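Undergrad: Protein chains in written order, with this note's numbering: chain D, 201 to 1167; chain F, 22 to 439; chain U, 116 to 208.
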Amino acid sequence: MAGYRLEKGGLVGRNETVNFTFNGRPYVGFKGDTLASALVANGVSVFGRSFKYHRSRGLFSRGAADPNTLMQIGIGAQTSPNIPATQVPVTDGLVANSINAWPSVEFDIGEINDVFKRVLIAGFYYKSLMWPKWGLFEPIIRRAAGMGKVPKEPDSASYEIGNLQCDVLVIGAGLAGLHAAQAAAGAGADVIIMESDTVAGGTSLWSIGANANEDVREQVKRLVNEVHSSPNIRMLCSTTVVSYHDDNYLVAIDRNCDVVAVDERLIHARAGSVVVAQGAVERPFIFENNDRPGVIAADAFSELIRRYGVAFGKKIVIFTNGGRADDAIAAAHEAGIEIVAIVDSSDGAGSDARNDNRLMGHVIKRAMGRKRVRGVEVVPTDGQGSIKLACDTVVVAAGASAQLQLFTQSGGKLSYDEDSASFLPVSSMQNVRVCGASNGTNTPTSAVSDGRWAGLDAAASVGFGDKPSVPDLTRALEKPLWFVHQSSSKTSFVDMQGDVTVSDLALSLRENFRSIEHIKRYTTLGMGVEQGKISGLAAIGVISELSGKSPGDVGTLKHRPPYSPVSLGALSAGQKRGALLAPIKKLPAHKWHEKHGAVFEDHGWMRPTYYSMSGETMHGAAAREAVAVRKNVGLFDGTPLGKFEIKGPDAAKFLNYIYAGRMDTLKVGRIRYGLMLNENGSLFDDGVVVCLSKDHFLINASSGHADAVYDWLEAWHQLEWPLDLVIQDCTAEWAVATVAGPKAREVLAALNPGFDVSAESFPHMSYRAGHISGVPARVQRVSFSGEICYEINVSADYGEWIMHHVQEAGKLFGLVPYGIEALEILRAEKGYIHVDTDTDSNTQPKDIGFPYPSKTKESDFIGRRSLMRPASHSPNRQQLVGIATADPDTVLEVGAHIVTGNPAQSIGFITSSYMSPNLGCSIALALMNGGKAATGASVDVWSLGKTVSGTVCDPVFFDKERGLLNG
Amino acid sequence: MERYSAFGLVKHALTGHKKWPEVWRSPEPKPEYDVIIVGGGGHGLATAYNLAKNYKGKRVAILEKNWIGSGNTGRNTTIVRSDYYYKPSAEFFKYSLSLYGKLSKELNYNVMFSKRGSLTLSHSRDDFDFQRRLVNAMQLNGIDIRHIGLAEIKKICPILNFSKDARYPIYGAMWEPGAGTVRHDAVVWGYARAADALGVDIIQNCEVTGINKDLQTGAVTGLETSRGKINAKTIGLAVAGHSTELAAMAGFRLPIRSMALQAFVSEPVKPVLNTVISSRAISSYASQSDRGGLVMGGGVDPYNSYAQKGNTPVLEEVLSGLIELVPSFSRVRLLRQWAGIVDYTYDSSPIIGPSPVPGLFLNCGWGGGGFKAIPAGGEAFAHLLATGQVPPLVEAFSLSRFKDARLVDEAAGAGIAH
Amino acid sequence: MLKIDCPWCGSRNEDEFSNGGESHLVRPEPPTSVTEDEWANYLFYPTNTKGPSKETWFHKYGCRQWFNVTRNTATHEILNVYRIGENPPEENS
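#1: Provide the residue(s) that pair with residue 635 of chain D in DSSP beta bridges, ordered along the chain.
#2: Could you tell me whether the Cβ of residue 242 of chain F comes closer than 8 Å to any Cβ of chain D?
#3: Less than 8 Å between the CB atoms is what I'm expecting for residue 364 of chain F and residue 421 of chain F, so what's the real figure, rounded?
#4: Identify the residues that DSSP records as bridge partners of residue 487 of chain F: which are they?
#5: Does residue 160 of chain U come out as helix, strand or coil in the three-state DSSP assignment?
#6: Going by DSSP, what residue range makes up the beta strand (DSSP E) through residue 189 of chain F?
#7: May I ask you to list, following chain order, the residues of the region 322-346 of chain F that have a beta carbon less than 7 Å from some beta carbon of chain U?
#8: Exposed or buried, which one is residue 195 of chain F when buried takes at least 16 other CB atoms within 10 Å?
#9: Name the residue from D/842, D/1137, D/622, D/658 whose alpha carbon lies nearest to the alpha carbon of residue 641 of chain D.
#10: Which whole-angstrom value is the C-beta distance of residue 277 of chain D and residue 351 of chain D, which I expect to be below 8 Å?
#11: Can you list the residues of chain F that residue 160 of chain U reaches, using a CB-CB cut of under 9 Å?
#12: Please determine whether the Cβ atom of residue 293 of chain D lies at a distance below 7 Å from any heavy atom of the ligand FAD.
#13: The beta strand (DSSP E) that contains residue 172 of chain U, what's its start and end?
#14: From D/881, D/371, D/997, D/434, pick the residue whose C-alpha is nearest to that of residue 1070 of chain D; which is it?
#15: Straight-line CA distance for residue 234 of chain D to residue 187 of chain U?
#16: Might you give, ordered along the chain, the residues of its own chain that have their beta carbon closer than 7 Å to the beta carbon of residue 308 of chain D, omitting 5 neighbours on each side?
#17: Please say whether residue 203 of chain D and residue 236 of chain D have beta carbons closer to each other than 8 Å?
#18: Out of D/768, D/1158, D/989, which has the shortest C-alpha to C-alpha gap to residue 832 of chain D?
#19: Would you kindly check if the distance between the Cβ of residue 502 of chain D and the Cβ of residue 407 of chain D is under 8 Å?
#20: Measuring CB atoms only, is the region 294-302 of chain F touching the region 324-336 of chain F, in the sense that at least three cross pairs come out at less than 8 Å?
#21: Whole alpha helix (DSSP H) runs in the region 314-360 of chain F with 4 or more residues, listed along the chain?
#22: Using only the alpha-carbon positions, how far apart do residue 1166 of chain D and residue 934 of chain D sit?
#23: Since residue 508 of chain D is in the alpha helix (DSSP H), which residue starts that stretch and which ends it?
#24: Compare the C-beta of residue 71 of chain U with all C-beta atoms of chain F and state if any pair is closer than 8 Å.
#25: Name, in chain order, the residues that DSSP records as bridge partners for residue 875 of chain D.
#26: Take the Cβ of residue 162 of chain F as the centre, count every other Cβ of all protein chains shown within 10 Å, and call the residue buried at 16 or more, exposed below.
#27: I'd like the span of the alpha helix (DSSP H) that includes residue 302 of chain D, first residue to last.
#28: Drop a sphere of 10 angstroms on the beta-carbon of residue 121 of chain U, count the other beta-carbons inside from all chains shown, and report buried for 16 or more, exposed for fewer.
#29: Counting only runs that start and end within the region 514-566 of chain D, where is the alpha helix (DSSP H) found for 4 or more residues in a row?
#30: What are the residues in the region 292-311 of chain F lying within 7 Å of chain D by C-beta distance?
#31: Listed in chain order, which residues of the region 440-470 of chain D have Cβ atoms closer than 8 Å to some Cβ of chain F?
#32: My guess is that residue 67 of chain F and residue 399 of chain F are in contact by the Cβ rule of under 8 Å, so how many angstroms apart are they, rounded?
#33: Cβ closer than 9 Å: which chain F residues qualify as neighbours of residue 325 of chain D?
#34: Does the beta carbon of residue 165 of chain U come closer than 8 Å to any beta carbon on chain F?
#35: For chain A, is any of its Cβ atoms less than 8 Å away from the one on residue 965 of chain D?
#36: Going along the chain, which residues of the region 908-922 of chain D sit with their C-beta nearer than 8 Å to a C-beta in chain U?
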């Protein structure tokens, strides 16, 4: 016989029915049900199958602790694997399916493993499946393992993040937590209380607690209302705190978002102090077939009756060790459930005589029945004989597992307490305290006084009220029965989800796995979704008995975050999705580029690669643009260039430190190229320095390094050379229209900038400020193409305007817009490098033709000392060279290697490579071992199996005399 | 040592598995050994095994502060690859991967080497060009790796997001078919069992508190430990994460930063990801364990740390990146988050060789890549400890390279540290 | 997520900052005067202290000021914060 709905009772909305399906069959539940309670109410016993042996499993525990009721929830893009039915509020249209069972949960072929379990011992795979090779077995093991399924479609759920801050954060809205919140708020603290259940109240909603004299259920309802109406307490239900990090930073997941269209909300909370009041859950008794459907923890049994109005069975046997089961017994009486017997492992000495059908000094040796318990065999703890009792349910009250996972995550330490047979908090690393059942209290009175103390203490620790005195607490005195020795250890399950049995633990000890961590890893104990919440302490007890050590010496399992599983989607809700993952930066003139047919690529900024005219390919367009620049004039958007202004009396001195070259001799209005090195002497960035006035410089950084250069300048200024100057990033403040080509001067003149543009008055590497149509403009005559070139800087607001304006002015001169690809061709023709593309982390200035430190530079600069090391003078360093292919039409592949010998060894690699439309042949730049000295040598260039012959040459292919540049 | 086999499993089943022998002994430390290895992780154990196997007659002990495998070996994401750029690294990791292929048979312990391949994605032309440079270098160094385009990537890993509208659209990849994963604990236990069988004393819960040196020669004479004084004239340190502390006991400094490298695992789900995937642009990598969990990781937490604990920023960065690659992973749930403390050197290459103190040798600085180095690292370190000579395989990884500026800068080549 | 008390902006989350490594690092002056070994020590050999360690941090997404932090690398606890150029406060832990 299975479970059923009671005529009355419970906190569910009996007038509001909810329709859902499980394994394709329709069922009806009530509002307020969980999927688990609704299934039990509908008489479902088998919820799923176990991981390894595929044994039938039913409801055992509650909330996040239940090991047996994992389901596939939802369909299509909205399906989630491995969700405990105990954590799913039942809703209309809910679709739930069992996992890990085929063809069905009632008849699962995988159960054959249960027959083979004599061989499938813990870690059997370490000892076998090697011959002929693991690769043959792995696919079978993989298919058999795993649990639920990942949806095929992209997730359509939406997630968001919220950041919270408070003086006191209380975790758990049970009796202790509510009192803690109320006390802390009373002292004046700003309090947040988070409860993972859908409603506040905790176990007190349905448990009267041991030895309670008043109706705690009524008391807690009142308390919940008070807390709800308190102005400085914010209560978040359906909100699970999942991890506890440094400086009281906690992460929680809110699964009942009040915002429409948000499925889960990630909460990042920073608390002044924290109160852990997560309560405790009943752990399993460990006996033969203790995993069968029908065996249920006492707390889950009571909760079904009093919260959901559901009876788990008709005829129950209760298994306990002393007074722990009193609440379940009372609940059973209320529900009119027949108690066949109470099997009590304690000898009864010292306890009150009880007027019930109690078998003192007895234990359940085994449960009978496969898909549902049919009866139990009971034996005396010492002595002979056995009794068989028919029943459909076994309620176990073995002892509590305090929930201290978050406390240990915070750095808190636990110690084993023999009297209460539990691990209790002893010291904390952060501002946190534990109260209530998490702290081992076992009566409502203790929970209340402990909660009040914790709330006041937490508030006092952050400056609200006085520090309270520590209350006297009662804790249950337990003589634990860690496992039933008379049972077969092979089917006495310690970790039901992982199918870890007593014999598995015994085997690992026999094989000398002594550390609890070794045992865990060897047997997979506590590694499932339940994460050891109820199996952890149970296992420690078993190991303690098997090894003859005290549980304290066995130690605890490390509880790593998260407390209970969280969707990856929710956890990363603070990060943006798709295009916003890393925001795409668009140029001020983006629309202008689009209008001119630009094809963009992401270089940190979306930049035009080329401008497509009537179906051109990239190569076709880039060649056309590059030719146009050399022939007439081109227009390029150079806006992303890093731009920093350095101003102050010491600016020149500072730049001398920053650049390998000398900057203090730069005259006003002049520009100098410079290399930035790191302290290891390697190239960090290159760019030009513009002297605006004696104490005012503008420096350019390559666009890809702009952020890094900005940080670099700040670091050296603040940490090493606190000179009298300020640094301002103006990268995004100026848009840059670059005009390059033999007719660039005519275009600039046509723009009428208000200064003399003649070669004599405005030579290469100089700077002028002027106005273009009234708009202030800074014009730098510098060149990355080898042509006469002006970089016209205007306020970014005029970014689109300047492109348009220059284009109009250039029409007479055949001006065309050109993109990155054409620029690359032009700069490669000139042998100009890109730091990082044509250099690597070993490249020093001399390797690319700058023999720093120059003789005239006396002062120190970053990286100077490293250039003096013997290794920096090795003739065999990788140096920048050009490579000309034997066949001028063959374009080398970037990343091809220059090879020598047999077998071929790399002596360098191609860094940039293009077909030069201006030279009519391919050109390439390379870094090559001892490359300078090898000029003229024939080399083989190898890429992905193909070899091309070429000749080492000067990296400058075009206008070696620099005549054009200075024209 | 009793040989493990399927037959053995059946045989032991007949006696209820009551007769399985100890996998290793738990000996009391002796007052003196010929060689002591500090650190019972993969490198220490592999070193001890190779010492005992190849240089017979030496009395060897391993001292482990906690339990064997409790450091990075038992915390890493179990990926083994050989896609390193510079020749010394390529030769070393190629050899190490080849040893992994034979390890189960060598140790008679199933380390579950799953040769499922490693796919390192690129997302732009520049990325793809850069990968071509790496692939060519690796191919020239004899590594089985290929430079592949979209069509092949789709065949290898169809669940990726191939949309052109993805923030980082997939452009190409490096594909190392011989890479894969290895069960980390099995490596620890397999080496420990084999080393123990050859007479190595594995001493757990034994913390080194001091390093003793001869006042005259400055050479090591032994160790102070939580279990008493233990002498040896040859001592090897294989204590990733704690190398600096041990070096300080011996009176010198190391070019190392200790940093936390996090790892994440999801709940077990049915097979969905059949290869190792990684991407530099999104700072994430993932594979699926045989048990079914998605094992994920990324870069180090960006400051020095000896605290083995997870944090939120890197976690969220890794997960959001991974979801970008495989959007349906969004509904999979995270099960555990943890961290190991790794040794970072300036050039992201290891240090394996003599220390400034005679008789004391170093095996450290592996960054996030130590696990894949275990078989070859153990072999080379054993050679060094037994003979005092640096084997050619690891010559480039000397401590002196920092003074001579002969760095092996794998920071660029190795990409995300695995 | 560390809580870092920027001496200019007050208490902010770790992800607004970047860590600059060890502080009070003395750059050899002038660098050209030191030996290869001394230079290598400066470049590559941090103290890598386990326990209270003096570091520089940069409020990158804030005031963009660098400052000193004493942080316990074994626990991540921040013991004190002080400005560049200041001496570390007397440690009381």
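C-beta atoms are modelled at their ideal positions from N, C-alpha and C, and glycine is treated no differently. Bear in mind the structure is a predicted one, so any value in this text is a computation, not a measurement.
TA: Based on what the coordinates show:
#1: According to DSSP, residue 635 of chain D bridges with nothing at all.
#2: Chain D, which has no Cβ nearer than 8 Å to the Cβ of residue 242 of chain F, makes this no.
#3: Rounded to whole angstroms, the Cβ separation of residue 364 of chain F and residue 421 of chain F is 17 Å, and the two are not in contact under 8 Å.
#4: Lying before the first or after the last residue shown, residue 487 of chain F is absent from chain F, which here runs from 22 to 439.
#5: Under the three-state reduction of DSSP, residue 160 of chain U is assigned to coil, being neither helix nor strand.
#6: Where residue 189 of chain F is concerned, there is no enclosing beta strand (DSSP E), given that its DSSP letter is neither H nor E.
#7: Cβ contacts with chain U come from 323, 324, 325, 326, 327, 328, 332, 333, 334.
#8: buried
#9: D/622
#10: 6 Å
#11: Near residue 160 of chain U (Cβ distances below 9 Å), the residues of chain F are 274, 275, 276, 277, 423.
#12: This structure lacks the ligand FAD; in fact it carries no ligand of any kind.
#13: 167-173
#14: D/881
#15: 46 Å
#16: 249, 254, 301, 302
#17: no
#18: The shortest C-alpha separation from residue 832 of chain D is found at D/989.
#19: yes
#20: no
#21: 333-346
#22: Rounded to whole angstroms, residue 1166 of chain D to residue 934 of chain D spans 26 Å at the Cα level.
#23: 498-508
#24: For chain U, the structure presents residues 116 to 208; residue 71 of chain U sits outside this window and is missing.
#25: Answer is D/886, bridged to residue 875 of chain D.
#26: buried
#27: Unbroken run through residue 302 of chain D: none, as it is neither H nor E.
#28: buried
#29: Correct list: 526-535.
#30: So the close ones are 292, 293, 311.
#31: Within the region 440-470 of chain D, 443, 445, 446, 449, 451, 468 place their CB atoms closer than 8 Å to a CB of chain F, listed in sequence order.
#32: 2 Å
#33: 131, 133, 204, 207, 311
#34: Residue 165 of chain U counts as touching chain F.
#35: This model lacks chain A altogether; the protein chains it does include are D, F and U.
#36: 911, 914, 915, 918, 919, 920, 922
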